[in-house]
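The next block holds one structure in the form of structure tokens; read it before the comments.
Protein chains: 2
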Amino acid sequence: MTAADLHRSEAPVFTEDFTGTWIAFIHQLQDDICAALQASDGLAKFEEDVWERPEGGGGRTRVISNGNVIEKGGVNTSIVFGKVTDLMRSQLKINGDSWFACGLSLVIHPLSPFVPTVHCNYRMFELYDEAGKVIDRWFGGGTDLTPYYLNLEDATHFHQTYKNVCDAVDPSLYVELKKNCDDYFVNTHRNNERRGIGGIFYDYKRPDATKSIDWWFAFAKACGYAFIDSYIPIIERRKGLEFTAENKHWQEIRRGRYTEFNLVHDRGTIFGLKTNGRIESILMSLPPTVRFEYNYQPVPGSEEDTLLQACLHPREYAN
Amino acid sequence: MTAADLHRSEAPVFTEDFTGTWIAFIHQLQDDICAALQASDGLAKFEEDVWERPEGGGGRTRVISNGNVIEKGGVNTSIVFGKVTDLMRSQLKINGDSWFACGLSLVIHPLSPFVPTVHCNYRMFELYDEAGKVIDRWFGGGTDLTPYYLNLEDATHFHQTYKNVCDAVDPSLYVELKKNCDDYFVNTHRNNERRGIGGIFYDYKRPDATKSIDWWFAFAKACGYAFIDSYIPIIERRKGLEFTAENKHWQEIRRGRYTEFNLVHDRGTIFGLKTNGRIESILMSLPPTVRFEYNYQPVPGSEEDTLLQACLHPREYAN
Chain A
0 MTAADLHRSE APVFTEDFTG TWIAFIHQLQ DDICAALQAS DGLAKFEEDV
50 WERPEGGGGR TRVISNGNVI EKGGVNTSIV FGKVTDLMRS QLKINGDSWF
100 ACGLSLVIHP LSPFVPTVHC NYRMFELYDE AGKVIDRWFG GGTDLTPYYL
150 NLEDATHFHQ TYKNVCDAVD PSLYVELKKN CDDYFVNTHR NNERRGIGGI
200 FYDYKRPDAT KSIDWWFAFA KACGYAFIDS YIPIIERRKG LEFTAENKHW
250 QEIRRGRYTE FNLVHDRGTI FGLKTNGRIE SILMSLPPTV RFEYNYQPVP
300 GSEEDTLLQA CLHPREYAN
Chain B
0 MTAADLHRSE APVFTEDFTG TWIAFIHQLQ DDICAALQAS DGLAKFEEDV
50 WERPEGGGGR TRVISNGNVI EKGGVNTSIV FGKVTDLMRS QLKINGDSWF
100 ACGLSLVIHP LSPFVPTVHC NYRMFELYDE AGKVIDRWFG GGTDLTPYYL
150 NLEDATHFHQ TYKNVCDAVD PSLYVELKKN CDDYFVNTHR NNERRGIGGI
200 FYDYKRPDAT KSIDWWFAFA KACGYAFIDS YIPIIERRKG LEFTAENKHW
250 QEIRRGRYTE FNLVHDRGTI FGLKTNGRIE SILMSLPPTV RFEYNYQPVP
300 GSEEDTLLQA CLHPREYAN
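Residue numbers (numbering that gives the first Met the number 0), protein chains in the order written: chain A, 0 to 318; chain B, 0 to 318.
Shown next, in the form of structure tokens:
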């Protein structure tokens, strides 16, 4: 699907070229990330489902499963739009006449408990008045890591990659976006345990006199491509390690926490469910195999407990 | 914990003997159901965790796992109370000064895909004014079956048991409560697929001129004990059947739907999370092992598809 395909009668009138530029970026990023992941996996191939949303727009869902490295993963893009509904007004606090959203969303669940799960999402949202004029626009995105065992080399590499991207454009940005991430991916119902060890996260970033549309576009592009630099080297370092049934068991317990966060707290999931998104693409994020055991607690001082403590107490990893 | 133990300074003043009667019933039902399930399992034993809720009350969580029949199960009671919070007012639409709730909640996840999962819950809720006078009281409850393969003998036996209980006191009741159940346990985000094949469900039942407090108490008692009659014979008929890895795989896919319902839609779970309930007792309901596969569809016309169709299209099983 190209930007041109979207200029159907139901689509909002895109009053600025930027919308098309954003769409092209998102699709190119999808292609490039899929190529990098597929090369690193070495066995499984992405399969694509192109879907249409009855109310407007659609997406390209690309899934991969049962690979050498990736047990289940998806790198999805969507371009969705429509009239602002009462449900969106009341529950999502969205005003205006019609809306548009385009982004990439990715979740990789590796087979090995020694390779972390990773998630990233980069998106732009626009609101239009009745004449189709853009009345609001914001950017959001982020990448976060969910390891099953804490490896400081990996954690530092991951965070440092994003800190470098942030520092290059605004020295105060990483601190803010890292804290956002630590504050967002939280299982509040589990004593504020984080889903993982964080990364960066931003949302509702509106262009202003200091940071223009082009600034936020360039930043999203830098972060989006930093995914490859931040994650592929971790796969390469850890994919050959042997693991035990106990390691896998612990991974599945932690995947239970991932499931809880996504279904109970995640705004992206809730937005998808409230806007009649494609359910298989939204819930693609759920892990392939999961365990829920009553009151499971790792042995204090164990490697598993070290990871749990890292999720309970966010800290600095980058230099 | 007895009703007397609850008469601490923080507890609401129970102005009527009925509250204590209800508590005694709930605890006796817990004992009797645990005894019946343990006898049928023949291997695993229930273990009890008694817990206190900082804001008032507590519970008895009884869990069983890795049995001959039961892979994971819990039969829990709780007695919880406190001041009505702003969160409860805005999100749960609860008024009054303080509240009290006591009930039994049970979920059994069998090892065999040929033994259905079952859930039941019987509860009473009271609201008090500032003087501790009861200003509102309602009853809720129900039992529902979630098979992995549709067995008409089992489905009919299960529904007939509850229809008989209902018919004995009000010939119009079963139709209403069966419909409530079909309308409640729905994954609205999955084309209104039901969690299972239903049972009965009622909520916000306030005593009135036709049906007194005693009437609703007797009804809850009859339904609560009907659990044993409705479910134990199904275990006995199916527990010896051999099953394949494919049968287990399908069970784990369906358990994914169970997880989605409980975390996204279930009012009991949401109430627990909003009222600082004991998280391990609330999430005890989640299945032990679960699979989430992208866009999994059973083969049309297969036994798995027959079950799926039964979940998509509720029907009558009782005579």
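Using N, Cα and C, we set each Cβ at its ideal position, and we do this for glycine too.
Item, Value
"Straight-line CA distance for A/L42 to A/I69?", "9 Å"
"Using 8 Å for Cβ pairs, my map puts B/V79 next to B/R52. What's the rounded Cβ distance?", "6 Å"
"State buried or exposed for A/Y148, treating a residue as buried only when at least 16 other CB atoms are found within 10 Å of its CB.", "buried"
"What is the C-beta distance between B/I234 and B/S39, in whole angstroms, given that I count them as a contact (C-beta under 8 Å)?", "5 Å"
"If we require 4 or more residues per run, which alpha helix (DSSP H) segments fall completely within the segment 174-259 of chain A?", "212-237, 244-259"
"Report the neighbours of A/I278 on chain B: residues whose CB is nearer than 7 Å to its CB, in chain order.", "H188, R189"
"What residues in the segment 51-78 of chain B have a beta carbon less than 9 Å from any beta carbon of chain A?", "T60, V62, S64, K71, G73"
"Is the shortest distance between the beta-carbon of B/P170 and the beta-carbons of chain A less than 8 Å?", "no"
"How about A/F291: is its C-beta nearer than 8 Å to some C-beta of chain B?", "yes"
"Count the other C-beta atoms from every protein chain shown that fall within 10 angstroms of the C-beta of A/V49, then say buried if there are 16 or more, exposed otherwise.", "exposed"
"Scan the segment 219-245 of chain B for residues whose Cβ lies nearer than 7 Å to a Cβ of chain A and list them as they occur along the chain.", "none"
"Taking the DSSP output, what are the residues bridged to A/S104?", "A/N75, A/N120"
"Cβ of B/E303 less than 8 Å from any chain A Cβ?", "no"
"For A/S111, name the three-state secondary structure that DSSP assigns.", "coil"
"DSSP beta-bridge partners for A/L262?", "Looking at the DSSP assignment, A/L262 forms no beta bridge with any residue, so it has no partner."
"Thinking C-beta only, is B/T274 closer than 8 Å to B/M87?", "yes"
"What residues from chain A crowd round B/L91, counting only those whose CB sits closer than 7 Å?", "In chain order: nothing, as chain A lies at least about 16 Å away."
"Looking at the structure shown, is B/V164 part of a helix, part of a strand, or coil, going by DSSP?", "helix"
"From the DSSP output, in three-state form, read off B/E315 for me.", "coil"
"Just the chain A side, please: which residues come within less than 7 Å of B/E259 by C-beta, in chain order?", "L262"
"Which parts of the segment 16-64 of chain B are runs of the alpha helix (DSSP H), unbroken and 4 residues or longer, counting only runs that do not cross its ends?", "17-40"
"Buried or exposed for A/K44, please, with buried defined as at least 16 other CB atoms from any protein chain shown within 10 angstroms of its CB.", "exposed"
"Are the CB atoms of A/Y257 and A/P297 nearer to each other than 8 Å?", "no"
"Buried or exposed: which applies to B/S171, given that a residue is buried once 16 or more other Cβ atoms fall within 10 Å of its Cβ?", "exposed"
"Quick check on the burial criterion: 16 or more other C-beta atoms within 10 angstroms. Buried or exposed for A/A225?", "buried"
"Helix, strand or coil: which one does DSSP assign to A/I69?", "strand"
"At a CB-CB cut-off below 9 Å, which residues of chain A make contact with B/M283?", "F291, Y293, N294"
"Against B/P287, what residues of chain C qualify as contacts under a CB-to-CB distance less than 8 Å, listed in chain order?", "The question asks about chain C, but that chain is absent: this structure's protein chains are A and B."
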